[in-house]
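Student: First the structure, then my questions, so here it is.
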């Protein structure tokens, strides 16, 4: 079955630690996205990528980094510079140009210890 | 002012009721509009796109009013399974690539 997978489902981060969230899709989609969702708030875009080896900052990129070495994969690293990382992180992909219908992975909940 | 605004609710309605949500957007260059559904602690899923002429999918009707810059979602004959948060999503195209903008969602609870 085609889809988007994210791992882990839950992740705990210690102070000063970098952590990486995985996102893989087998939908053959060109564009991929990372969002952050806080309780009672909408999704905010962290980074997006339209093609392999290219990515753009979204609205809240500070403290995060990404790579897009393969079409199927778009990992997100939450660095120690992100002072308030506790949130629900959602990865999405879309077929063509940025902004087309997006399909989401199941999300990763990041908690700070 | 937020680019996309929704009444957060919660809307608590009995089974079988009709309920409507509105969503306003501030950028008149907005091109495409969507409603997504998000269940508690799950990912959003596309419910329906919103077309200029309005569109219907079973018990769900979406409408767009460009002059007043709002979109609406009407749910008829509400089911318990309709309980979720409904996200309004707007795509703005400005010559360069732009991402979708999500509203913060309207929470619906359908009561037995």
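Chains as they are written, first to last, in our numbering: chain A, -9 to 103; chain B, 9 to 120. Idealized CB from N, CA, C, for every residue including glycine. Model, not experiment: these values are computed from the prediction.
#1: Using a Cβ cut-off of 8 Å, pull out every chain A residue sitting near residue 111 of chain B, in sequence order please.
#2: Given residue 11 of chain A, which residues of its chain have a CB within under 6 Å of its CB, disregarding the five upstream and five downstream residues?
#3: Can you find a CB in chain B that lies within less than 9 Å of the CB of residue 2 of chain A?
#4: Do you know offhand how far residue 104 of chain B's Cα is from residue 57 of chain A's?
#5: So residue 97 of chain B and residue 108 of chain B are supposed to be a Cβ contact under 8 Å. How far apart are they, rounded?
#6: Give a yes or no on whether 9 Å exceeds the smallest Cβ distance from residue 91 of chain A to chain B.
#7: In whole angstroms, what is the alpha-carbon distance linking residue 48 of chain B and residue 27 of chain A?
#8: Mapping the DSSP letters down to three states, classify residue 103 of chain A as helix, strand or coil.
#9: For residue 116 of chain B, name the three-state secondary structure that DSSP assigns.
#10: Listing by chain order, which chain B residues have their CB less than 7 Å from the CB of residue 97 of chain A?
#11: If you drop the 5 nearest sequence neighbours on each side, which residues of the same chain put their C-beta closer than 8 Å to that of residue 19 of chain B?
#12: Under 9 Å between the Cβ atoms of residue 31 of chain B and residue 13 of chain B?
Tutor: The structure says:
#1: The contacting residues are 32.
#2: For residue 11 of chain A, where only same-chain residues beyond five positions count, the Cβ hits under 6 Å are 66, 79 and 98.
#3: So no, residue 2 of chain A is outside the interface.
#4: With a pLDDT of only 48 at residue 104 of chain B, under 50, the local geometry of the prediction cannot be trusted, and the value read off the model is given with reservation. Cα-Cα distance, rounded: 21 Å.
#5: Contact between residue 97 of chain B and residue 108 of chain B holds: their C-beta atoms lie close to 5 Å from each other, under 8 Å.
#6: Contacts with chain B at 9 Å (Cβ-Cβ) include residue 91 of chain A.
#7: Approximately 12 Å, taken between the alpha carbons.
#8: In the structure shown, residue 103 of chain A sits in coil (DSSP, three-state: anything other than H, G, I, E or B).
#9: Of the three classes helix, strand and coil, the one that applies to residue 116 of chain B here is strand, per DSSP.
#10: Neighbours of residue 97 of chain A on chain B, chain order: 51.
#11: Cβ within range, chain order: 27, 29, 114, 115, 116 and 117.
#12: Yes, the Cβ-Cβ distance between residue 31 of chain B and residue 13 of chain B is below 9 Å.
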